[in-house]
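So the sequences go chain by chain: A and B.
Okay, so the first sequence: first residue is 7 according to the working numbering, each after it adds one.
Okay, so the second sequence: first residue is 532 according to the working numbering, each after it adds one.
Yeah, the Cβ is synthetic: ideal placement off N, Cα and C, and Gly gets one too.
Everything numeric in this text was worked out from a predicted model, so none of it was measured.
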Amino acid sequence: MAEGSPLEAAPTIRAHITPERIDVAALLETIGSSADGAVTVFIGRVRDTNEGRSVAGLTYEAYEEMAQPVLQGILEEAKRAHEVGDIVAVHRTGALDLGDVAVAVLVSAPHRAAAYEASRFVIEEIKAKLPIWKFEAYSGGTAVWQ
Amino acid sequence: MPDTSTGTETEVTGATTVVVRFFAHYRDLAGMQVCELELSDGSTVGDLVARLRADLHLEWLPLEPLVAVNRDYADMGQRLAAGDEVALIPPVSGG
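Shown next, in the form of structure tokens:
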């Protein structure tokens with residue numbers, strides 16, 4: 007860790023796959039030292055439509071023993087490539103309702119450009135590589151793996 | 532195959548048993564979460580996929596699906612060792 011004391015005992019990088027509700031405000035409390043002038047928060051939520059169909063809810067299944075280290079690796083790569091302070095990324099598993107937080111990516115950095123770039127990198131890598139699958143239920147009763 | 536005897540496959544000395552895991556869409560199609568498969572020594576991920584398609588009749592599996600060996604993404608040419616955990620990974624849809 008560079009100069010600047012953390013506001014809380016914040017790990018530089020934290021990856022988490024969890025069946026628990028994601029509390030973004032609580033995560034925000036754990037990120038960024040006084041050296042970091044910028045904090046970005048990306049939240050992915052359950053949307054009420056997908057590909058023209060009305061979504062009732064969804065369930066995320068993870069290959070948990072692999073998802074955790076893959077997410078950790080994504081964060082480490084982001085940390086290497088960008089001048090950032092802390093990165094926290096959390097992905098939900100289990101049953102989610104409309105509007106629930108499915109994924110949150112928080113990045114602190116001395117300056118905003120690096121925070122935005124690292125945040126974008128992390129969410130795109132999550133979508134491309136994280137072994138998690140979405141089982142989407144539609145109003146009307148049908149459901150499919152996406 | 533290193534075995535030069537005339538024995539059948541079950542008599543091959545260098546047999547390698549791996550654990551195969553299926554997730555999400557693939558688990559539903561396979562009708563199972565996990566199975567053990569005995570392969571001849573020196574088999575690759577590609578050989579395993581061919582076995583699953585032919586012998587277990589999982590013809591819906593892509594010829595080159597996304598695969599992880601011991602929780603790391605692997606390519607079709609990677610050799611398998613006894614006890615390896617091989618996961619068949621459908622297209623991911625997190626985020």
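- When Cβ pairs closer than 8 Å are counted between the two stretches, the segment 34-54 of chain A is seen to touch the segment 111-118 of chain A, the count reaching three or more.
- The Cβ of PRO75(A) sits closer than 8 Å to at least one Cβ of chain B.
- Comparing alpha carbon positions, the residue from GLY625(B), MET563(B), GLU595(B), ASP603(B) closest to MET72(A) is ASP603(B).
- Between the beta-carbon of VAL617(B) and that of VAL551(B) there is about 5 Å, and that keeps the pair under the 8 Å contact cut.
- With fewer than 16 other CB atoms across the displayed protein chains lying within 10 angstroms of its CB, TRP591(B) is exposed.
- The CB of LEU136(A) comes closer than 9 Å to the CB of VAL623, GLY625, GLY626 in chain B, given here in chain order.
- Residues of the same chain with a CB within less than 7 Å of the CB of GLN609(B), apart from the 5 flanking positions on each side, are THR575, VAL576, VAL600 in chain order.
- Going by DSSP, SER39(A) is part of no beta strand (DSSP E) at all; its letter is neither H nor E.
- One finds nothing in chain A with a Cβ atom closer than 7 Å to the Cβ of PHE553(B); even the nearest lies about 10 Å away.
- GLU569(B) is the residue among PHE553(B), ALA561(B), GLU569(B) whose C-alpha sits nearest the C-alpha of GLY545(B).
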